[in-house]
């Protein structure tokens, strides 16, 4: 997907701040979960990140045109799934790669729960596509 | 160190946002580099994160009193060093653990550079203390 | 109150970003509403900003020691109240002055509501002190 | 212009945070100054906000499609200019209106400076269009 870097994403070094990369990946992930429509609506209500790994390859700076951020499902387990990401700078060079582990939770208690069959099915299909 | 969570660190789920944990670790790391005084002043001018790994153990919410964030040097190489972190929630339970890899850069070119002898010495001493 | 500026509050110009001043004022306001305890607990659940005016007097940069942010009630009406703020830089010089208008809302509908007698009483006492 | 709200722009009340509106206006303003090309390049290097007034009319929440943010020049003086903004929610209803005062500065000293003739000319033309 195309993702708009903001001028305010840059820190005092004049580059997009390292923590903000996770925000941009979160936006990509959220947009894709929204694409899941009714099947994934339960994840929009409650889903927590349990782990991130991220490698920074090149600095990114603000420009008016958006950058490319890819996002895909890496694996689906009983009560969690993995998401992979790659961000490219404005010249199309890889700027960061990351993987996240996410778990659905039931609100309001906030307890981890199993993925529902419709969620597994959608995520599995998404993984197969990737 | 003690670290103040902000109300605005919480996202729409009512918990401190996952990306914000990296910001809190960055604040802890920056404060400690500042403690290095003249020996580490070159790192304040230019130092990039090349990798983060973070495990989220418990949600953190806003309260008026600060939380505890520990931060230490894990290893020192020729052109990079590792930092470990642990964050505790307001009840003193572990909320997140992370490790980062950092590399000094020379500005304005932004090229990675070797650690200076005084930087290595300070970071090594810091690691030994941890 | 004392307020910790974060390194990440600075933008690419190397100063605390103008929008972040409102965040710092929000933290001061939230801390003070929390001080209201049970009397103001309804405001913590739902309260919206309807207006801000802010004058920037001096840039603020990151340092390890906190800065001073004053916050007080300017006036109390039927369904809103005003809050005034002054922020000082690390040398104690005025860095920004602002006023906000806030209105309590009832959740989940999000409709504006009148201030409760206990809220008016507390806010009035707070205004008198200022 | 069209502006993408981020999921992470929402705070614990589930609405775009009040301070974040200034960030969205900043992005609109920065994009438009970039449109000024060489004539306004000096403003990109150094330009400070001296005042904001903002009225919040309706809450904004995250959706995948962008919202509309208008931005124009209100007046041009010797050493400052005014910018007006209007933000619309996803249904096209006015969500916020604001005005800002901006002053160019000369770096690295950070001293306010007069607008250059080419800057005045461009900003005046922009104002006339609005």
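Protein chains in written order, with this note's numbering: chain A, 1261 to 1390; chain B, 1261 to 1390; chain C, 1261 to 1390; chain D, 1261 to 1390. Cβ atoms here follow ideal geometry from the backbone N, Cα and C, with glycine treated the same way.
For the 8 Å CB-CB criterion, residue 1298 of chain B and residue 1267 of chain C do not form a contact.
One alpha carbon belongs to residue 1273 of chain B, the other to residue 1281 of chain D, and they sit about 20 Å apart.
For residue 1366 of chain C, no alpha helix (DSSP H) encloses it; the enclosing beta strand (DSSP E) starts and ends at 1354 to 1366. Around the beta-carbon of residue 1361 of chain C, 16 or more other beta-carbon atoms lie within 10 Å, marking it buried.
Judged by beta-carbon spacing, residue 1322 of chain A lies within the 8 Å limit of residue 1269 of chain A, meaning their Cβ atoms are closer than that value. Between residue 1344 of chain D and residue 1359 of chain D, the gap from beta carbon to beta carbon is short of 8 Å. Per DSSP, reduced to three states, the secondary structure at residue 1289 of chain B is helical.
In the displayed model, residue 1335 of chain C falls within a strand according to three-state DSSP. The Cβ atoms of residue 1311 of chain B and residue 1315 of chain A lie closer than 8 Å to each other. Relative to residue 1263 of chain B, the option among B:1324, B:1376, B:1333, B:1368 whose CA is nearest is B:1324. Of all residues in the region 1300 to 1319 of chain C, only 1306, 1308, 1309, 1310, 1311, 1312, 1313, 1314, 1315, 1316, 1319 place a beta-carbon less than 8 Å from a beta-carbon of chain D.
Chain-ordered, the chain C residues with CB closer than 9 Å to the CB of residue 1271 of chain A read 1267, 1268, 1270, 1271, 1272. With contacts defined by Cβ atoms closer than 8 Å, residue 1386 of chain B and residue 1333 of chain B form a contacting pair. In this structure, DSSP gives residue 1273 of chain A a state outside helix and strand, which the three-state scheme calls coil. Within the DSSP secondary-structure output, residue 1322 of chain C pairs in no beta bridge.
When the Cα atoms are used, residue 1307 of chain B and residue 1278 of chain A turn out to be separated by approximately 11 Å. In chain order, 1319 make up the part of chain B whose C-beta sits under 8 Å from the C-beta of residue 1370 of chain A. Note: residue 1348 of chain B is bridge-paired with B:1354 in the DSSP secondary-structure output.
With a cutoff of 8 Å on beta-carbon distance, residue 1313 of chain D and residue 1381 of chain C are scored as not near each other. The beta carbons of residue 1320 of chain C and residue 1261 of chain C sit no closer together than 8 Å.
For the set C:1318, C:1294, C:1342, C:1373, the Cα lying nearest the Cα of residue 1351 of chain C is the one of C:1318. For residue 1306 of chain C, the three-state secondary structure derived from DSSP is coil. The three-state secondary structure of residue 1296 of chain C, taken from DSSP, is coil.
Close partners of residue 1282 of chain C in chain D (Cβ separation under 8 Å): 1278, 1279, 1282. Interface with chain D (8 Å Cβ-Cβ cutoff): residue 1286 of chain C is included.
The secondary-structure analysis by DSSP pairs residue 1387 of chain B with nothing; it has no beta-bridge partner.
Counting only the Cα atoms, residue 1349 of chain A lies some 41 Å from residue 1368 of chain C.
Closer than 8 Å to the CB of residue 1334 of chain A there is not a single CB belonging to chain D. For residue 1328 of chain B, no CB of chain C lies under 8 Å from its own CB, so it is not counted at the interface with that chain. Residues of chain C with a Cβ closer than 7 Å to the Cβ of residue 1324 of chain B are, in chain order, 1291, 1294.
For residue 1364 of chain D against residue 1302 of chain D, the beta-carbon gap comes to about 7 Å, under 8 Å, which counts as contact.
Beta-bridge annotation (DSSP): residue 1341 of chain B is paired with B:1336, B:1362. Counting C-beta atoms within 10 angstroms of its own C-beta, residue 1304 of chain D has fewer than 16 neighbours from the protein chains shown and is therefore classed as exposed.
Counting every other CB atom within 10 Å of its CB across the protein chains shown gives residue 1379 of chain B a total of 16 or more, marking it as buried.
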